[in-house]
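Enquirer:
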Amino acid sequence: MLLNIIFSYNRVLQLDYLLKSVITRLKIDYKIVILYHTTGDHKIGYELLKDKYSDFKNISFVERKKVFFDWAFIRTLYSRENIGFFRTRNFFKPKADNFKSLLQNTIARSGCEFVMFNTDDGFFFKDVVIEDEIFEIIRNNSENSSYRLYVGENLEGQPNYVHKKNNYYKWDYYAEKSIHHWTFPFSVDGTIYNSFGLLKHLKRMVYTNPVTLEENGVQYIMRNKLFRIGLSPIESQLVCTKLNRVSVDTFNPTIHIKPKYLNEKFIEGYSLELVIPKYIDNANIVPTKVFIVKGSKKELIYTLDDYGKKVQGLLGIEGAKEQLE
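The following block contains the structure:
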């Protein structure tokens, strides 16, 4: 079974949209755990969402909690760099929480052989059917392989060393040094790993949230040459929708539809509906239209404009080509 861990912060309407796509599109056995935290009135939205999905026995919500420090860091204090990160980012800090221990315990206690992360701005736009051969490769190469759902031959810039096998693609993440989707061996978006193969190394990484998990995780994994074997479907099945940004650790370009406004609309009973391009050639998408829907009422709140086109132009196979305020 696949454990799908979704990271969410103050984006309840987008999380709802992602969950609906997972329920519709994932054609494999899975369970979902949402690791979330909120501020202000966003908590009201998440309580309503929890109630909305209370009948789904394979979906659970776990809230991050403030702590003086996270005991899971103890196993990471083997270098001066890691000790420095712990002291500046977690140890008796005002925003310190239990994200690291919560994530690792969720995987360890899940009973799932495979694990995937997602962020709450994702959307599955195609059915996800994974053949036994893929799971067997990951099972037999637990620290050396993964399956990435957001890449495929439809994306611009797929390298020529990505080879087609049966019904999937295969490549070496260390084939070249330039940074892009096919050389980035660790991601918090739509990439399936062996649970305990990954957990072994998560315990040794320093991170306090999904952003530092990916940043520090990819450095650790590349330094140790882990997860060399990359696998993907023939065409990508997942995109990231660039509606807004909630992290203060990055300035990745978005169209800035305010999470506060979207939360208010969710509390009022609205759901989200996005219009995305018919042909997907990028893992990060600015929707052409954004609607909020309540019963028969459908409101257009965004249409692709010049700024949105600029944002889309800054998104490539390397992720964000530059940062925007």
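Residue numbers are given in my numbering: position 225 of the sequence shown equals residue 1379, and the series is strictly consecutive.
We treat Cβ as the ideally placed atom computed from N, Cα and C, and that holds for glycine.
Do residue 1167 and residue 1392 have their CB atoms nearer than 8 Å?
Expert: no
Enquirer: I'd like to know if the region 1421 to 1430 and the region 1445 to 1457 are in contact, where contact means that at least 3 CB-CB pairs between them fall below 8 Å.
Expert: yes
Enquirer: Taking the beta carbon of residue 1180 as the centre, do at least 16 other beta carbons fall within 10 Å, making it buried, or is it exposed?
Expert: buried
Enquirer: What are the boundary residues of the beta strand (DSSP E) that residue 1270 is part of?
Expert: 1268 to 1273
Enquirer: Which class does residue 1360 belong to by DSSP, given the choice of helix, strand or coil?
Expert: coil
Enquirer: Residue 1315 by DSSP, collapsed to three states: which one?
Expert: In the three-state reduction of the DSSP assignment, residue 1315 falls in the coil class, being assigned neither a helical nor a strand state.
Enquirer: Starting from residue 1288, follow the alpha helix (DSSP H) in both directions and report where the run begins and ends.
Expert: First-last of the alpha helix (DSSP H) with residue 1288: 1286 to 1294.
Enquirer: For residue 1342, which residues of its own chain have a beta-carbon under 7 Å away from its beta-carbon, when the five flanking residues on both sides are left out?
Expert: 1161, 1271, 1273, 1364, 1367, 1368
Enquirer: Could you check how far apart the C-beta atoms of residue 1385 and residue 1328 are, in whole angstroms? I think they sit under 8 Å.
Expert: Wrong, their Cβ atoms sit about 15 Å apart, outside the cutoff.
Enquirer: Based on Cα-Cα distance, which residue from 1435, 1439, 1163, 1429 lies nearest to residue 1102?
Expert: This structure does not reach residue 1102, given that the chain is present from 1155 up to 1479, and the question cannot be answered.
Enquirer: Give the straight-line distance between the Cα atoms of residue 1257 and residue 1189, rounded to the nearest whole angstrom.
Expert: 8 Å
Enquirer: Between the Cα of residue 1165 and the Cα atoms of 1414, 1436, 1435, which residue gives the shortest distance?
Expert: 1414
Enquirer: What does DSSP give as the partner residue(s) for residue 1324 in the beta ladder?
Expert: 1317, 1385
Enquirer: Please state the DSSP three-state secondary structure of residue 1372.
Expert: helix
Enquirer: Where do the N-terminal and C-terminal ends of the alpha helix (DSSP H) with residue 1200 fall, by residue?
Expert: 1196 to 1206
Enquirer: Mind checking who residue 1425 pairs with in its DSSP beta bridge?
Expert: 1447
Enquirer: Is DSSP giving residue 1465 helix, strand or coil here?
Expert: In the structure shown, residue 1465 falls within a helical segment according to DSSP collapsed to helix, strand and coil.
Enquirer: Express the C-alpha separation of residue 1178 and residue 1455 in angstroms, rounding to a whole number.
Expert: 25 Å
Enquirer: Please return the same chain residues whose Cβ sits closer than 7 Å to the Cβ of residue 1395, not counting the five positions on each side in sequence.
Expert: 1275, 1277, 1428, 1439, 1441
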